[in-house]
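Heads up, the final residue of the sequence shown is numbered 672 in our numbering, and it's a clean run with no missing numbers.
Glycine included, C-beta positions come from ideal geometry on N, C-alpha and C.
All of these numbers come straight from a predicted model, not from anything done at the bench.
Step one of this worksheet: look at the structure below.
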Amino acid sequence: MDIKIDEIVKQVLNEAGIQTPGASAAVLEKTPEFTGCEMGRCAVLASPETYEIKEYGLPEIGGKEILIRVEGCVVSPSDTAEFVKEKRTGQAALLGQEGTGVIVKLGSSALRDAKGSLLKVGDRVVAVKKARGSVSTFRGNAVNPGAAAGWYGNYVALQAGNQLYQANELDLESRLLTETAIAVNSAVERASKLNRLDDTKKVIVLGCGLAGLITIAALKCKGIYHVIGIDGDEKALKLAREFGAEETVDYRVKNGVAGVQEKIRQPFGGSLADVVFHCTLSTAGKNSAKRFIKSGGAVCELGYVLGGSRASTKYYEESMPVGGRFHSAKDYEDCFAFLNKAAEKNLPLYKLVTHRYKLEQINEAHWAAIRGEGLAIGVFNR
């Protein structure tokens, strides 16, 4: 289907309250009114590589808490590490961190989010990470009294305040991608300032996976149009063009790196790049990235920014707060502004959630993530 027609159909159906098949594997049925008598359901990691769905009574919420009906959660690297019991230093033990949902009950009518916006029943919210990998406080439940419960369930109790954001203007996929989008957008913002990126500069995005495509979208939303996407997969290159890359290069061209360099020089003035965003964890890719920049150019390693191996290029690392991958309230506001602008420009962020599973299929979802299938993998409360 032509992408313009696809976007028009998606917009019309969204306005009518119907989710398009391309944006969701399960039809978004209308949920009944919340009565307070519902039973909670959550996925509990009962043993290595095995989640079990448990039922429990919904907790009474305190005066500073809110009860949220979960819409979905993205499977994160820390989730898969816990799933196979491969814990690494600095990773949170809490499962289901990158989720979103709708407020169904408030402990007080005066509760506000991190921006100071007054919260109300029906608001769509995103709970965000604190410094050092922890997240907003999740309430324990009857399945495991006193333990934290994440977004892998149908309801979750959270504290209002400085770790919660109202996000009514964003669609479901954009809210699910917030944690990846903020890391990428913050990196693009810092790299843009340090390298004075504008509409005259040539930028390369090396690797058009999840991080690479969001990087291309962020650059386009900043008005940086001379963007070249490089990948070895034709589907990835097609998506790169949809997300705003003006040119794409298949790195499998003849003559290896020299052939890619020749392809890079052809558009936008005949020079190499001012900045390369390296969005793979490949050592070969890291070495190649350095050969794609002109003298005085820079490499920003998104693998490090998103929690991968440490970067050999230090400028981003040195600009980060001491606490590690921590993002301020301003970073989140900038991220939401970027996601809104991406929607205005009809950039198909919904295509980044390539695999969609119901809560009962959570084990399959984790194995799909471990195998490296698709881009983002979502578990939905359906």
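Asked: Cβ-based neighbour list, Asp523, same chain, cut-off 8 Å, excluding 5 preceding and 5 following; Found: Cys498
Asked: Residue range of the alpha helix (DSSP H) that includes Gln449; Found: Per DSSP, Gln449 belongs to no alpha helix (DSSP H); it is in the beta strand (DSSP E), Tyr445 to Gln449.
Asked: For Ala481, three-class secondary structure by DSSP; Found: helix
Asked: Presumed contact (8 Å Cβ cut-off) between Arg465 and Thr390, rounded CB distance; Found: 4 Å
Asked: DSSP bridge partner residues for Arg555 (one or two, in chain order); Found: Partner(s): none; Arg555 has no beta bridge.
Asked: Cβ separation of Ile351 and Ala447, assumed to be a contact under 8 Å, to the nearest whole Å; Found: 5 Å
Asked: Proximity below 7 Å, CB of Gly443 to CB of Val360; Found: yes
Asked: Proximity winner among Thr370, Glu388 and Ala501, relative to Arg661 (alpha-carbon distances); Found: Thr370
Asked: Through-space distance from Glu339 to Phe373, alpha-carbon basis; Found: 5 Å
Asked: Where Asp403 falls, given that 16 or more other Cβ within 10 Å makes a residue buried; Found: buried
Asked: Where His656 falls: helix, strand or coil (DSSP); Found: helix
Asked: Cβ-based burial, Leu665 [other Cβ within 10 Å; buried from 16]; Found: buried
Asked: Beta-carbon spacing of Gly386, Gly353 below 7 Å; Found: no
Asked: Ala475, buried or exposed, once every other Cβ within 10 Å from all chains shown has been counted against 16; Found: Checking the displayed sequence, the identity of residue 475 turns out to be Asn instead of Ala. So Asn475 ends up on the buried side.
Asked: Tyr622 - DSSP class collapsed to helix/strand/coil; Found: helix
Asked: Ile356 (DSSP reduced to helix, strand or coil); Found: strand
Asked: Host alpha helix (DSSP H) of Ser578 (start-end); Found: Thr573 to Arg581
Asked: Secondary structure of Thr325, DSSP reduced to three states; Found: coil
Asked: Where Gln453 falls: helix, strand or coil (DSSP); Found: coil
Asked: Boundaries (first-last residue) of the alpha helix (DSSP H) holding Thr505; Found: Leu500 to Cys511
Asked: Residue of Leu500, Glu459 and Val543 minimising C-alpha distance to Ala627; Found: Glu459
Asked: Integer Cβ distance of Val643 from Phe567, believed to fall under 8 Å; Found: Not confirmed; about 22 Å, so no contact.
Asked: Beta-carbon proximity check, Asp521 vs Gln456, cutoff 7 Å; Found: no
Asked: Range of the contiguous alpha helix (DSSP H) that encloses Lys405; Found: First-last for Lys405: undefined, no H or E at that position.
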